Amino acid sequence: MKFWVVPAVLAVPALALACGACDEDKVAATYDHAVVQAAAAQKKQMVFCEVQGLVTPARMRAAAARVAGIDASSVRVSTDPAAVSFALDPKVQSADAAASKVASRLGGGVKILVLKVPVPASPAG
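Heads up: the sequence shown at position 13 corresponds to 635 in the numbering used here, and the numbers run straight through without jumps.
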């Protein structure tokens, strides 16, 4: 066996981790087309996040609802994969700042990491 085969085989799982499919699964788990459409109509941005740590959906919704700029009715939570999404007024604060404030309200070492903030499509015209 060639000496380079073993390192190459061991590198395959690391390459699989970097493909982004898991991030897309987290986005899909909390995607709600009606919420996305309403956010666009209200000139809000959708924020899709990964959740690291243990938190119940009810606690997540309550924490996000108390953060300035987040539309409480837009919060969507998934436990598997662990994710949260919400519509945010970008005039109030950035996606990263809002995610950080949600995490701080949860405490207990919970981290909320922004995965995606899609740019709304411009109207056809």
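Note that the Cβ used here is the ideal one computed from N, Cα and C, for glycine as well. Note that the structure is a prediction, hence the values are computed from the model and not measured.
Gln659 sits in a helix when the DSSP states are folded into three classes.
In the structure shown, the three-state DSSP call for Arg698 is strand.
Ser700 is classed as buried because its beta carbon has at least 16 other beta carbons within 10 Å across all chains shown. Bounds of the beta strand (DSSP E) holding Lys733 are 733 to 738.
Here the C-alpha atom of Asp654 lies approximately 21 Å from the C-alpha atom of Ser716. Where Val689 is concerned, there is no enclosing alpha helix (DSSP H), because DSSP gives it neither an H nor an E. Remark: C-beta atoms of Glu672 and Ala725 do not approach each other more closely than 9 Å. As DSSP reads the structure, Ala704 sits in a beta bridge with Thr701.
With a cutoff of 9 Å on beta-carbon distance, Ala661 and Asp702 are scored as not near each other. The three-state reading of DSSP puts Val673 in strand, counting E and B together. Annotation: the continuous alpha helix (DSSP H) that includes Lys723 extends over 717 to 728. By the neighbour-count criterion, in which 16 or more other beta carbons inside 10 Å mark a residue as buried, Leu737 falls on the buried side. Residue burial is scored here from C-beta neighbours: Ser707 has at least 16 other C-beta atoms within 10 angstroms and is therefore classed as buried.
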